[in-house]
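Notes follow the structure.
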Amino acid sequence: MEFMGFLRENGEVGVRNYVAVVPTVGCVNKAVEAIAGRVPGLKPLLHHQGCCMIPSDIEVVERTLIGLGSNPNVAAAIIIGLGCESVSMDRVADGIAREGKPVEALILQEAGGFSKVVAKGVEAARRCLEYAERFRRQAFDLSHLMIGIKCGSSDATSGIASNTAVGLVADKIIDAGGTVIFGEITELIGAEHILVKRAESQVVANQIIKAVNDLENRIRSLGIDVRGSNPTPGNIRGGLSTLEEKSLGAVVKIGRRPINGVLDYGERPRGKGLYMMISPGREMEFLTGPVAGGAQLLIFTTGKGAPQGYPIAPVIKVCGNPDTVKRLSEHIDVDVSGVISGNETLEETAEKIFEKLIKVASGEKTRAEILGYDKTMNIYVRGMIL
Amino acid sequence: MKRAITLSEKDNVAVALEEILEGEDVEVTIGGGKIILKALNNIPFGHKISLRRIRRGEKIIKYGEPIGEAVTDIEQGEHVHVHNIKSIFV
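First to last, the sequence lines map onto chains L and H. The opening residue of the first sequence carries number 401 in the working numbering; numbering runs sequentially from there. The opening residue of the second sequence carries number 24 in the working numbering; numbering runs sequentially from there.
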């Protein structure tokens, strides 16, 4: 099995061929939007971080921006800075350039304001787009794929149909030599014993426990008891009896292979296989994590219908709720409701998801891409905003 | 005939794929095979039905993993939920 991708100079393979416009800080988002508005084909990464944050978070933002700019789906990047922000523009630009990508860096305060930085950005964009033109799709095996997996706006069908079917797809990708990243640590509280059993080594097992405990302790320090407040009354009405049942319904989407490592947010995996990334459940922050880690594609299961895509990576929406599939069809890429209606087996629906994945990796547009529902994103921070 | 599905062959409960009423026959898909049992209670969509007799203290298995333990004996075909199982960890 092969897909048609774009070979980058560092040997990685993209499934899209984008020029990204990356603000170092939210203060220049207007300039980034303006540049992207004037030159078709640019992908703005409009986040809200980059300044007035604790040092460890600034480090996370820098690593994440470098990761996004050097994602294999990006051919070249334009970095826009303000001039006084905490994030180092040089470190971000150098980090991306180190991956062999052309990087253009512009600073609003040095350029002489909004209008001038936009004019310069437009010129830079033309150069970057010209560079991107040279790439053509070629055939690659699936070991080049890195996939992020997430669930959102879940319902009773998620644990039965979409998550269970996507779990089978995750196994298939890993068996083909590819890489899968999952996270949403909040959802794993109560299922950590299952994940620990699947850790490749004791080191990884300890990292999993630490990641879950750290998050739970932070939540507890705010006076909130996750274990005691889950499953929620709505979950119980839907048939979930215990916290571990709820967590398992989410965990089933990552399949059954061993966990090879734990990644910090936005960090790149050091090898192939299955990786857990420290990340929250909220989609605009979660989706950024695997993409900064190098994922070219995201699979997103939903029950009630989450519309969100991502600026530089296709998001494949998988839904098992027959009603949602009908009413929100413009947002759903793969309909697995046959599991609920009894027309399809889990294995058959997993095959459908896998086929869609190969098609999307080879250039077919997702529903979110067709709708342009792919602008919102953010970066996960753990400290205060100062 | 009403329908339910098991998510792993190791499971001792199945999930109702539609609303099941007390006394109705239920066809349960287990991997490639099917079994038929009688529902002892009403089982709403998405809720669990016991595939066999489960003793008090025994683990409830779904997705091939324990999701809790029985706090009373549970008969085959019984609704399995917060009234007769509890979390192992909380």
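We treat Cβ as the ideally placed atom computed from N, Cα and C, and that holds for glycine. Just so you know, these numbers come straight off a predicted model, no measurement behind them.
{"Asked": "Within the continuous beta strand (DSSP E) that includes residue 674(L), where are the two ends?", "Found": "673-677"}
{"Asked": "Using a cut-off of 8 angstroms between C-beta atoms, extract the partners of residue 692(L) located in chain H.", "Found": "Going along chain H, no residue has its Cβ under 8 angstroms from residue 692(L), so there is no contact; the nearest lies around 30 angstroms."}
{"Asked": "Please classify residue 451(L): does DSSP put it in a helix, a strand, or coil?", "Found": "coil"}
{"Asked": "In chain H, what lies closer than 8 angstroms to residue 644(L) by C-beta?", "Found": "88, 89, 90, 91, 110, 111, 112"}
{"Asked": "Determine which residues of the stretch 647-680 of chain L have a Cβ less than 7 angstroms from any Cβ of chain H, and write them out in chain order.", "Found": "648, 652"}
{"Asked": "Which of the three DSSP states, helix, strand or coil, is assigned to residue 546(L)?", "Found": "strand"}
{"Asked": "Does the CB of residue 43(H) have a neighbour CB from chain L at under 8 angstroms?", "Found": "no"}
{"Asked": "Between which residues of its own chain and residue 647(L) is the CB-CB distance below 7 angstroms, once the five residues before and five after are set aside?", "Found": "587, 588, 589, 590, 591"}
{"Asked": "For the beta strand (DSSP E) containing residue 418(L), list its first residue and its last residue.", "Found": "418-423"}
{"Asked": "Using only CA atoms, which one of 713(L), 715(L), 609(L), 697(L) lies nearest to residue 579(L)?", "Found": "697(L)"}
{"Asked": "Let's test the definition: count the other Cβ atoms within 10 Å of the Cβ of residue 480(L) and tell me whether it reaches 16, buried, or not, exposed.", "Found": "buried"}
{"Asked": "Quick check: the stretch 48-65 of chain H against the stretch 615-630 of chain L, are there 3 or more CB pairs under 8 angstroms?", "Found": "no"}
{"Asked": "I need the straight-line Cα distance from residue 686(L) to residue 517(L), nearest angstrom please.", "Found": "30 angstroms"}
{"Asked": "Quick check: the Cα distance between residue 736(L) and residue 746(L), rounded to an integer number of angstroms?", "Found": "8 angstroms"}
{"Asked": "Using a C-beta to C-beta distance shorter than 7 angstroms, which residues of chain H count as neighbours of residue 556(L)?", "Found": "68, 69"}
{"Asked": "What alpha helix (DSSP H) runs, 4 residues minimum, are completely inside the stretch 630-655 of chain L?", "Found": "633-637, 643-651"}
{"Asked": "Residue 525(L) by DSSP, collapsed to three states: which one?", "Found": "helix"}
{"Asked": "How should residue 95(H) be labelled, buried or exposed, when 16 other C-beta atoms within 10 angstroms of its C-beta is the threshold for buried?", "Found": "exposed"}
{"Asked": "Is it a yes or a no for the stretch 418-434 of chain L touching the stretch 450-470 of chain L, going by three-plus beta-carbon pairs under 8 angstroms?", "Found": "yes"}
{"Asked": "Mind listing the chain L neighbours of residue 60(H)? Cutoff is C-beta to C-beta under 7 angstroms, in chain order.", "Found": "Neighbours of residue 60(H) on chain L: none; closest Cβ ~17 angstroms, over 7 angstroms."}
{"Asked": "Show which residues of chain L have a CB atom less than 8 angstroms away from the CB atom of residue 74(H).", "Found": "The premise fails here: residue 74(H) is roughly 16 angstroms from chain L at the closest Cβ pair, so nothing lies under 8 angstroms."}
{"Asked": "Looking at C-alpha atoms only, which residue of 668(L), 514(L), 440(L) is the closest neighbour of residue 460(L)?", "Found": "668(L)"}
{"Asked": "Return the chain-ordered list of same chain residues with a C-beta closer than 7 angstroms to the C-beta of residue 402(L), the five sequence neighbours on each side being excluded.", "Found": "539, 540, 541"}
{"Asked": "Compare the C-alpha of residue 452(L) against each of 504(L), 486(L), 482(L), 615(L) and name the closest.", "Found": "486(L)"}
{"Asked": "Sort out for me which residues DSSP pairs residue 535(L) with in a bridge.", "Found": "Answer is none; residue 535(L) lacks a bridge partner."}
{"Asked": "Note down the Cα distance separating residue 634(L) from residue 436(L), rounded to an integer number of angstroms.", "Found": "42 angstroms"}
{"Asked": "From the DSSP output, in three-state form, read off residue 444(L) for me.", "Found": "strand"}
{"Asked": "So who's on the other strand from residue 698(L), going by DSSP bridges?", "Found": "548(L), 715(L)"}
{"Asked": "Using the three-state DSSP reduction, which class does residue 499(L) fall into: helix, strand or coil?", "Found": "coil"}
{"Asked": "Should residue 110(H) be labelled buried (16 or more other beta-carbon atoms within 10 Å of its own) or exposed?", "Found": "buried"}
{"Asked": "Below 7 angstroms between beta carbons is the criterion; list the residues of the stretch 565-599 of chain L that meet it against any residue of chain H, in chain order.", "Found": "590, 594"}
{"Asked": "Can you find the residues in the same chain that come closer than 7 angstroms, C-beta to C-beta, to residue 31(H), ignoring five residues on each side of it along the sequence?", "Found": "86, 87"}
{"Asked": "Under 7 angstroms between beta-carbons, which chain H residues line up against residue 742(L)? List them in chain order, please.", "Found": "26, 40"}
{"Asked": "Need the endpoints of the beta strand (DSSP E) that residue 73(H) sits in, please.", "Found": "71-73"}
{"Asked": "For my contact list, residue 548(L) and residue 691(L) are in at a C-beta cut-off of 8 angstroms; report their separation, rounded to the angstrom.", "Found": "7 angstroms"}
{"Asked": "Between 410(L), 455(L), 478(L), 416(L), which has its C-alpha nearest residue 433(L)'s C-alpha?", "Found": "478(L)"}
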